[in-house]
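Have a look at the structure below, then the notes.
6 protein chains.
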Amino acid sequence: MPFVNIKITRDGATAEQKAQLIQGATQLLVDVLNKTPQTTVVVIEEVDTDNWGIGGETVTARRQQGK
Amino acid sequence: MPFVNIKITRDGATAEQKAQLIQGATQLLVDVLNKTPQTTVVVIEEVDTDNWGIGGETVTARRQQGK
Amino acid sequence: MPFVNIKITRDGATAEQKAQLIQGATQLLVDVLNKTPQTTVVVIEEVDTDNWGIGGETVTARRQQGK
Amino acid sequence: MPFVNIKITRDGATAEQKAQLIQGATQLLVDVLNKTPQTTVVVIEEVDTDNWGIGGETVTARRQQGK
Amino acid sequence: MPFVNIKITRDGATAEQKAQLIQGATQLLVDVLNKTPQTTVVVIEEVDTDNWGIGGETVTARRQQGK
Amino acid sequence: MPFVNIKITRDGATAEQKAQLIQGATQLLVDVLNKTPQTTVVVIEEVDTDNWGIGGETVTARRQQGK
Chain A
126 MPFVNIKITR DGATAEQKAQ LIQGATQLLV DVLNKTPQTT VVVIEEVDTD
176 NWGIGGETVT ARRQQGK
Chain B
126 MPFVNIKITR DGATAEQKAQ LIQGATQLLV DVLNKTPQTT VVVIEEVDTD
176 NWGIGGETVT ARRQQGK
Chain C
126 MPFVNIKITR DGATAEQKAQ LIQGATQLLV DVLNKTPQTT VVVIEEVDTD
176 NWGIGGETVT ARRQQGK
Chain D
126 MPFVNIKITR DGATAEQKAQ LIQGATQLLV DVLNKTPQTT VVVIEEVDTD
176 NWGIGGETVT ARRQQGK
Chain E
126 MPFVNIKITR DGATAEQKAQ LIQGATQLLV DVLNKTPQTT VVVIEEVDTD
176 NWGIGGETVT ARRQQGK
Chain F
126 MPFVNIKITR DGATAEQKAQ LIQGATQLLV DVLNKTPQTT VVVIEEVDTD
176 NWGIGGETVT ARRQQGK
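Protein chains in written order, with my numbering: chain A, 126 to 192; chain B, 126 to 192; chain C, 126 to 192; chain D, 126 to 192; chain E, 126 to 192; chain F, 126 to 192.
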């Protein structure tokens, strides 16, 4: 009964891509730790680039600088 | 000063229902562990059904299949 | 299929008390939002008082000051 | 490579203020623990006042009461 | 620069298995969303079975009942 | 009433350093958003290097390779 939380920047991930993340993360827990998929929960959070920072800067600012 | 984070699918929970969750979770910590309500924080996160998976599938897909 | 994360200071909560928190949080989601208990997950995290701060101070320091 | 998650009520924080939080939190980890800013991630989550509770009440309700 | 948090019960996962989870989750983000592995962070949290509940019961209690 | 969660690798941060993180993160919210320190909560989580991954590898493995 693992719980997986995936945080990504909000960049237009499609419903199909999110379904692939959920399927893949669930399968990973099955493959590595023999966990039961029926009680494995995956929650994806999409975060605005103004709200995500790395290197002390927002992702918005980094993209404007071409980083 | 507990911190409670409740993640649910975004399914039209009303402001009144969310207030009940906050009241109930706070009272639970008082009843079981004698915590101080004044510093007990409860945060509710509502997650789109495309972003929530169980059993390797999104909740969106499960509902389309009548699961 | 809600997910509830309860963070408390590590203060000797017993296994019985933690079971009560899990039972109570699950029932709360049933009562307020009619959620299915079988897929409701509750995770309790106990945090050392050196690692928990409020008002800009650690809980360890606050207790030494009788707060 | 620390990870910092800041949850605040959604109250009109500007992009500039959020950039300051990201810059400040990253610098704090550098100053106190000599962490590398390039792999320090900060994620800000803004939460509706209906979804944030303290003292057993939503922030929405508290503000209506002038608390 | 995704952030993945995997919570599992503390059940003796080996360092090798945890390395496989980290490798697999990182690769999943590369495969599905073309994310950069160098800034993808994965954090695994192992939780005591007394602190993990599903169906309103602790995992400890469920195992004693043979569930 | 912000909530700040700081995850770092378990590397011997002292109680004094953790107190500095708590003081600094609380002050940051005061300075940038004029938040009330009395209800600002900071929780620090220290994670074993076997359980923290970046670039698809555990921090344990990266350090053995001199990265």
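Glycine is no exception: its CB is placed at the ideal position from the N, C-alpha and C atoms.
Between the Cα of P162/C and the Cα atoms of F128/E, G180/E, A138/E and Q142/E, which residue gives the shortest distance?
Per the Cα distances, G180/E.
Looking at chain F, which residues of the stretch 140-161 of chain D have a Cβ within less than 7 Å of any of its Cβ atoms?
Flagged, chain order: Q142, Q145, L146, G149, A150, L153, V157 and L158.
What I want to know is whether the C-beta of P127/C ends up closer than 7 Å to one or more non-hydrogen atoms of the ligand ZN.
You won't find the ligand ZN in this model; it holds no ligand whatsoever.
Quick check: the Cα distance between N159/A and W177/C, rounded to an integer number of angstroms?
About 34 Å.
Quick one: Cα of R187/A to Cα of D136/A, how far?
The straight-line gap from Cα to Cα measures roughly 14 Å.
What does the Cβ neighbour count give for T148/C, buried or exposed, with the cut at 16 atoms within 10 Å?
Note on residue identity: the sequence assigns Gln, not Thr, to residue 148/C. Flag for Q148/C reads buried.
D136/C versus chain F: which residues are under 8 Å apart at the beta carbon?
The premise fails here: D136/C is roughly 14 Å from chain F at the closest Cβ pair, so nothing lies under 8 Å.
Any C-beta of chain E under 8 Å from that of N176/F:
Taking Cβ atoms only, chain E reaches closer than 8 Å to N176/F, which makes this a yes.
Would you mind stating whether V168/C and V168/E have Cβ atoms separated by less than 8 Å?
Against a cut-off of 8 Å, the Cβ pair of V168/E and V168/C comes out as no contact.
Are the beta-carbon atoms belonging to F128/B and V166/F less than 8 Å from one another?
Note that the C-beta distance between F128/B and V166/F is below 8 Å.
At 4 residues or longer, what runs of the alpha helix (DSSP H) sit wholly inside the stretch 134-163 of chain F?
As far as the stretch 134-163 of chain F is concerned, its whole alpha helix (DSSP H) runs of at least 4 residues are 140-158.
Hey, is V129/F's beta-carbon within less than 8 Å of any beta-carbon in chain E?
Answer no: the Cβ-Cβ gap between V129/F and chain E never drops below 8 Å.
So is K192/D buried or exposed if we call it buried at 16+ other beta carbons inside 10 Å?
Exposed.
Just the Cα atoms here: how many angstroms apart are L146/E and Q189/D?
It is roughly 47 Å from the alpha-carbon of L146/E to the alpha-carbon of Q189/D.
Is the separation between the beta-carbon of I131/F and that of A150/F shorter than 8 Å?
For I131/F and A150/F, yes; Cβs fall inside 8 Å.
Give the secondary structure of T165/D by DSSP, where H, G and I count as helix, E and B as strand, and everything else as coil.
If DSSP states are grouped into helix, strand and coil, T165/D belongs with coil.
With a cut-off of 8 Å, does the C-beta of T185/F fall near any C-beta of chain D?
It does not; no Cβ of chain D falls within 8 Å.
Same chain only: Cβ atoms within 8 Å of T174/E, ignoring 5 sequence neighbours per side:
Contacts found: T134, R135, D136, T183, V184, T185 and R188.
Range of the contiguous beta strand (DSSP E) that encloses G178/E:
Its beta strand (DSSP E) spans residues W177 to I179.
From T139/A, E141/A and V155/A, residue whose alpha carbon lies closest to that of Q142/E
Checking every option, the nearest Cα to that of Q142/E belongs to V155/A.
Just how far apart, CA to CA, sit T93/F and M126/B?
Outside the shown range of chain F (126 to 192) lies residue 93/F, about which nothing can therefore be said.
Kindly list, in the order they appear in chain E, the residues whose Cβ is closer than 9 Å to that of V166/D.
Within 9 Å Cβ-Cβ: M126, F128, T164 and V166.
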